[in-house]
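Enquirer: Before anything else, here's the structure in question.
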Amino acid sequence: MIEFKYIVQALKYMVFPKRCYLCGRVIAPEEDECPVCEKEVRRIQLPVCYRCAAEKERCRCKKHRNRFVTAFVSPFYYTGKVKSSIYRLKFGKERDIAVSFGKEMASFVRKAYEGVKFDLITYVPMTEKEYLARGFNQVEIMADEMSENLGIPCRKVLSKLYETKSQRSLKERYRSGNVLGVFDVCDRDAVKNKTILLCDDVLTTGATLTECAKMLMIRGAREVMCVTAVVGIPKGKRR
Ligand SMILES: [Zn+2]
Ligand SMILES: [Zn+2]
62 MIEFKYIVQA LKYMVFPKRC YLCGRVIAPE EDECPVCEKE VRRIQLPVCY RCAAEKERCR
122 CKKHRNRFVT AFVSPFYYTG KVKSSIYRLK FGKERDIAVS FGKEMASFVR KAYEGVKFDL
182 ITYVPMTEKE YLARGFNQVE IMADEMSENL GIPCRKVLSK LYETKSQRSL KERYRSGNVL
242 GVFDVCDRDA VKNKTILLCD DVLTTGATLT ECAKMLMIRG AREVMCVTAV VGIPKGKRR
């Protein structure tokens with residue numbers, strides 16, 4: 062017997078056809094991307110630099126070991142179709158795009174963090190006001206999808222205490238100041254002695270993730286490793 066939820070889903074796709082999360086073309090319900098994007102869009106290949114998430118051969122970072130984050134990884138560079146897809150997600154409010162990114166992040170985590178036993182997945186939170194303005198937290202959707210794919214529980218353990226200027230609007234040197242003291246751990250018991258997979262959408266300087274990880278470590282987490290949907294293209298001189 063066909064289950065009721067499949068009928069509902071089929072009806073949903075008749076009204077709102079499923080679209081390729083990268084280019085927006087209509088695709089079959091069981092696919093996530095169209096054949097063109099599947100061929101063209103480049104995923105980040107291992108080995109990667111765990112300090113900046115770029116491929117080893119493209120890494121130009123001079124980063125020191127991060128005191129709070131053990132590693133950063135990401136399946137895509139923030140460019141081309143991937144970049145416009147993130148834009149559609151955040152500003153066009155195309156919520157389903159976050160689910161597709163969540164799947165990509167999960168499969169990348171499986172390879173890049175092979176052998177790591179995570180106790181918990183969590184994500185960079187929004188304030189109530191920011192949440193209401195968008196109607197969803199795209200990073201929470203990504204984290205939930207990863208949780209389902211990886212079989213690791215996802216919990217909201219961080220809260221955002223104040224509104225901040227968008228990191229994008231600030232020069233790099235002002236970004237850690239902008240998020241300083243902005244986050245707190247709202248569920249301390251959940252983080253104690255835990256190895257945590259922390260996620261966000263875009264990695265540039267890592268200031269937001271580092272600030273969140275700092276709070277998790279202060280509240281007793283054992284280790285924090287990060288994953289983002291995308292990472293900025295490496296720039297600057299090769300070491
Ligand atoms: Zn496509
Ligand atoms: Zn690097």
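Residues 62 to 300, numbered by our numbering, are exactly what the sequence shown covers, in order. Idealized CB from N, CA, C, for every residue including glycine.
Using a threshold of 6 Å, is the CB atom of R86 nearer than that to any non-hydrogen atom of ligand 1?
Expert: Within the cutoff, so yes.
Enquirer: Is P108 buried or exposed, if buried means 16 or more other CB atoms sit within 10 Å of its CB?
Expert: P108 should be labelled exposed.
Enquirer: If you draw a straight line from the C-alpha of E275 to the C-alpha of A71, how long is it?
Expert: Looking at the sequence provided, one finds Lys at residue 275 rather than Glu. Straight-line Cα distance between these residues: approximately 45 Å.
Enquirer: Look at the alpha carbon of N211 and the alpha carbon of I257, and state the distance between them as a whole number of angstroms.
Expert: This sequence places Leu at residue 211; Asn is not what is there. Straight-line Cα distance between these residues: approximately 13 Å.
Enquirer: Hey, how far is the Cα of P96 from the Cα of K151?
Expert: Rounded to the nearest angstrom, the two C-alpha atoms are 24 Å apart.
Enquirer: By Cβ distance below 7 Å, which residues in the same chain neighbour V285 in space, the five residues on each side in sequence not counted?
Expert: Excluding positions up to five away in sequence, the list reads F129, V130, T131, I257, L259, A274, L277 and M278.
Enquirer: Considering only residues of the same chain and omitting the five flanking positions on each side of I202, which have a CB-CB separation below 8 Å?
Expert: R156, A159, V160 and G163.
Enquirer: Please confirm whether any heavy atom of ligand 2 lies closer than 6 Å to the CB of R303.
Expert: Because residue 303 is not part of the residues shown, which for the chain are 62 to 300, the question remains open.
Enquirer: Can you give the beta carbon distance from V291 to Y138, rounded, assuming they're within the 8 Å contact cut?
Expert: Confirmed, Cβ separation roughly 7 Å.
Enquirer: Just to check, is the beta-carbon of E94 closer than 6 Å to a non-hydrogen atom of ligand 1?
Expert: Checking the Cβ of E94 against ligand 1 gives yes.
Enquirer: Please classify M286: does DSSP put it in a helix, a strand, or coil?
Expert: It is a strand residue.
Enquirer: Can C81 be considered in contact with ligand 1, in the sense that its beta carbon sits closer than 6 Å to one or more heavy atoms?
Expert: Result yes, Cβ under 6 Å from ligand 1.
Enquirer: Mapping DSSP to helix, strand and coil, what is S227?
Expert: In the structure shown, S227 sits in coil (DSSP, three-state: anything other than H, G, I, E or B).
Enquirer: At a cut-off of 6 Å, is C52 close to ligand 1 when judged by its beta-carbon and the heavy atoms of the ligand?
Expert: Coverage of the chain is limited to positions 62 through 300, which leaves residue 52 absent and any answer about it impossible.
Enquirer: With distances taken Cα to Cα, identify the nearest neighbour of K255 among P90, F179, R171 and S230.
Expert: For K255, the nearest C-alpha among the options comes from F179.
Enquirer: Quick one: residues in its chain with C-beta nearer than 8 Å to the C-beta of G141, no 5 flanking neighbours on either side, listed in chain order?
Expert: Closer than 8 Å at the Cβ level, and outside the excluded window around G141, lie V102.
Enquirer: Just to confirm before moving on: does the CB-CB distance between S135 and T289 stay below 7 Å?
Expert: In this structure, T289 lies closer than 7 Å to S135 by Cβ.
Enquirer: With respect to 6 Å, is the separation between the Cβ of C260 and the closest non-hydrogen atom of ligand 1 below this value?
Expert: No, ligand 1 has no heavy atom inside 6 Å of this Cβ.
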